[in-house]
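Take the sequence shown: its position 207, counted from the start at 1, is 206 in numbering that gives the first Met the number 0, and no numbers get skipped.
All residues carry an ideal CB built from backbone N, CA and C; glycine is no exception.
One structure is given here, and the rest of the page talks about it.
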Amino acid sequence: MKNNTLSKDHRVYVNLLSDVGFKIVFGNPQNKSILIGLLNLVLPPEAHVQDIETYLDRERTPTFLEGKKTLLDLICRDDRGQTFEVEIQRDVESSFFKRCVFYASDLYHSQMEAGNNFDILKPVYLISFLERKWPHRDESEWDTNRLISRYRFMEERTKDLTEPTIIITFAELGRFSKTLEECVSEQDYLFYWFLNGWRYETVPEQYRHTSFKEELTRATELAGFSKDELIVYNNALMNDMDYRNALHQAKAQGLAEGKAQGLDEGKTKGIIEAARKMINAGVDIKLVAKTLGVDVSQLK
Numbered sequence: 000m001k002n003n004t005l006s007k008d009h010r011v012y013v014n015l016l017s018d019v020g021f022k023i024v025f026g027n028p029q030n031k032s033i034l035i036g037l038l039n040l041v042l043p044p045e046a047h048v049q050d051i052e053t054y055l056d057r058e059r060t061p062t063f064l065e066g067k068k069t070l071l072d073l074i075c076r077d078d079r080g081q082t083f084e085v086e087i088q089r090d091v092e093s094s095f096f097k098r099c100v101f102y103a104s105d106l107y108h109s110q111m112e113a114g115n116n117f118d119i120l121k122p123v124y125l126i127s128f129l130e131r132k133w134p135h136r137d138e139s140e141w142d143t144n145r146l147i148s149r150y151r152f153m154e155e156r157t158k159d160l161t162e163p164t165i166i167i168t169f170a171e172l173g174r175f176s177k178t179l180e181e182c183v184s185e186q187d188y189l190f191y192w193f194l195n196g197w198r199y200e201t202v203p204e205q206y207r208h209t210s211f212k213e214e215l216t217r218a219t220e221l222a223g224f225s226k227d228e229l230i231v232y233n234n235a236l237m238n239d240m241d242y243r244n245a246l247h248q249a250k251a252q253g254l255a256e257g258k259a260q261g262l263d264e265g266k267t268k269g270i271i272e273a274a275r276k277m278i279n280a281g282v283d284i285k286l287v288a289k290t291l292g293v294d295v296s297q298l299k
């Protein structure tokens, strides 16, 4: 079985660490069962998802669009009314946790409409899959088997947890160091595929015992992407590569974090410019907006 790194032109499977690849796969309602499985691997037991009823329209999140957030993540709601915001995060800046609280809080309060009372509010779970390690005070508590951290409201002295409101979860893929032969659980195999699936020509035989093998193959195979999805995916990979190279050079030259943040803002502008070019080339505007997480109004 071949598992060597393939050239870019001969990739068989999508790179799930890419923001666009992640959204194309997990944001597709046809792949709902895979998304449910992914969520249940990282959520607390009381949040167990039975079914996803709604993929939220990114254009219906006004505070995000008019305020800080331009690029929106995968947002969905289950049959109990719980909201989930799911993202891939390749680089973690110092204000990352505050950013997560800001976005999750917006989703939480946006459930309220005039005349409603607070009883209608349902939990919001923000789940971020981190390519790098998230720093902890005691690093000895975290390793390849302990890489999911969860943050919620708690009474400080007694450690009593409040009822679920806003829960932030980090799955630190940067701590996952297992080889394919060392994988045991379904979580192991899924995290391994996140990090290495794009290197393979076929799904390894070890996956035959997992519950998601067939769906994983179908959902992540580039041959199953539409022509427009491939255009968006490949363009996004090139833009991300340019951004990461620029960010690496900025850090190598010792630029202040504020200047590096300016590159991040430049990345957002670059994505919008690239999106407009794809639309001008005939790619469907709704597909571009949905996949890149850009508001349609910004592309007109």
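- Per the coordinates, the alpha-carbon of Ala273 lies some 43 Å from the alpha-carbon of Asp118.
- Residue state for Thr216 is assigned as helix, using DSSP reduced to three classes.
- For Arg145, there is no enclosing alpha helix (DSSP H), as DSSP marks it with neither H nor E.
- Secondary structure of Tyr232 (DSSP, three-state): helix.
- In this structure, the beta-carbon distance from Val48 to Asp77 falls below 8 Å.
- At the C-beta level, Leu221 and Leu229 come within 8 Å of one another.
- Taking a contact as a CB-CB distance under 8 Å, the pair Glu84 and Leu106 counts as one, their CB atoms being some 6 Å apart.
- By the neighbour-count criterion, in which 16 or more other beta carbons inside 10 Å mark a residue as buried, Ser225 falls on the exposed side.
- For Met111, the secondary structure class from DSSP, reduced to helix, strand or coil, is coil.
- In this structure, Gln88 lies near Phe128, with their beta-carbon atoms less than 8 Å apart.
- At a Cβ-Cβ threshold of 8 Å, Thr143 and Phe175 count as neighbours.
- Beyond the five residues adjoining it in sequence on each side, Met277 comes within less than 7 Å, by CB distance, of Ile230, Val231, Asn234, Val287 in the same chain, given in chain order.
- Leu38 and Ile165 have their C-alpha atoms spaced approximately 16 Å apart.
- If you draw a straight line from the Cα of Tyr150 to the Cα of Lys158, it is about 13 Å long.
- Following the DSSP letters along the chain, one finds Ser32 inside the alpha helix (DSSP H) bounded by residues 31-41.
- In this chain, the beta strand (DSSP E) harbouring Tyr54 covers 51-54.
- With distances taken between CA atoms, Ile74 lies nearest to Pro28 out of Phe95, Asn115, Tyr188, Pro28.
- The three-state secondary structure of Arg149, taken from DSSP, is strand.
- Scanning the stretch 152-230 for uninterrupted alpha helix (DSSP H) segments of 4 residues or longer gives 185-195, 212-219, listed from N- to C-terminal end.
- Per DSSP, reduced to three states, the secondary structure at Gln81 is coil, with no helix or strand assignment.
- Judged by beta-carbon spacing, Thr219 lies beyond the 8 Å limit of Tyr54, meaning their Cβ atoms are not closer than that value.
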